[in-house]
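Numbering (our numbering), first residue to last: 22 to 282. Cβ atoms here follow ideal geometry from the backbone N, Cα and C, with glycine treated the same way.
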């Protein structure tokens, strides 16, 4: 008579798989924490670089959070107000541009805000598709967050520099009771950004101005939906000196339409 086989109970084998899963999750959390620490350190270093360029040692900090998953910026309650020489050397502006670009990337705004050095100063361009709905001058929530982050992190470090807010549109005509043309639309956008920077970011209203360009200062030809989206924007310019006011045309070599409606 054949012996019957004894079947061993393997009911507890799942514990090994469960333990492996928990170990993998622990490793994942450690990696994510390490990345967050690197981003915070990078942000602090960039902020210190910007402060050095403008003679200011105060540094904001980064905290995680936000609906979009991007970093939020936690600002100190008070910030020093250093005096920046009006004849700042090119090297200082270039260092400031690099620091500003790094701060924008570290703050999770790299895809929404571009930075470039121009003859007039440092120009930060905010994607209007993020800040405004088509045909509207009211700032969206994400747009408000970006503007306030720029104001509190960057612009507050240069309280004696002239800041100009420039509103732009695409070439799609508009003719409403509130906005008879793109001039009025772009002007309302720039003044709304100005009010936010003055009222909530604490900028000096005597040194901040708003300008409306309509569709007269296009970055790219208005020949596609993608290009028109690029032209719908708000620019924030840190002017080198007051004599730079009124020289915006030097920044736009691709101007394709100088007759706004």
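Please report the straight-line C-alpha distance between residue 227 and residue 216, rounded to a whole angstrom.
Residue 227 and residue 216 have their alpha carbons spaced roughly 12 Å apart.
Does the distance from the CB of residue 121 to the CB of residue 175 come in under 8 Å?
Against a cut-off of 8 Å, the Cβ pair of residue 175 and residue 121 comes out as a contact.
Using beta-carbon positions only, say whether residue 143 and residue 136 come within less than 8 Å of one another.
With contacts defined by Cβ atoms closer than 8 Å, residue 143 and residue 136 form a contacting pair.
Below 8 Å between beta carbons: does that hold for residue 257 and residue 179?
Taking 8 Å as the cut-off, the Cβ atoms of residue 257 and residue 179 do not count as close.
Run through the DSSP bridge pairs and tell me what residue 189 is partnered with.
Note: residue 189 is bridge-paired with 254 in the DSSP secondary-structure output.
Mind checking who residue 147 pairs with in its DSSP beta bridge?
Bridge partners of residue 147: 134, 255.
Where residue 158 sits in the DSSP three-state scheme:
The three-state secondary structure of residue 158, taken from DSSP, is coil.
Alpha carbon of residue 221 to alpha carbon of residue 159, nearest angstrom
Rounded to whole angstroms, the gap between the alpha carbons of residue 221 and residue 159 is 16 Å.
Alpha carbon to alpha carbon, what distance is there between residue 163 and residue 172?
Going by the C-alpha atoms only, they are around 14 Å apart.
Please confirm whether residue 255 and residue 214 have their CB atoms less than 8 Å apart.
Yes, the pair counts as a contact, with Cβ atoms nearer than the cut-off.
If residue 161 sits next to residue 170, beta carbons under 8 Å apart, how far is it from one beta carbon to the other, in whole angstroms?
A Cβ-Cβ separation of about 14 Å leaves residue 161 out of contact with residue 170 under the 8 Å criterion.
Write down the C-beta distance between residue 195 and residue 132 rounded to the nearest angstrom, noting that I regard them as a contact closer than 8 Å.
Actually they do not touch by this definition, with Cβ atoms about 27 Å apart.
From the DSSP output, which residues share a beta bridge with residue 283?
It is not possible to answer for residue 283, since the shown part of the chain is limited to 22 through 282.
Chain-order list of residues whose beta-carbon lies under 8 Å from that of residue 138 (same chain, five-residue window excluded):
If you ignore the 5 residues before and after residue 138, its C-beta comes within less than 8 Å of the C-beta of 114, 115, 118, 144, all in its own chain and listed in chain order.
Once you ignore the five residues that flank residue 231 on each side, which residues in its own chain have a CB closer than 6 Å to its CB?
For residue 231, where only same-chain residues beyond five positions count, the Cβ hits under 6 Å are 186, 211, 212, 215.
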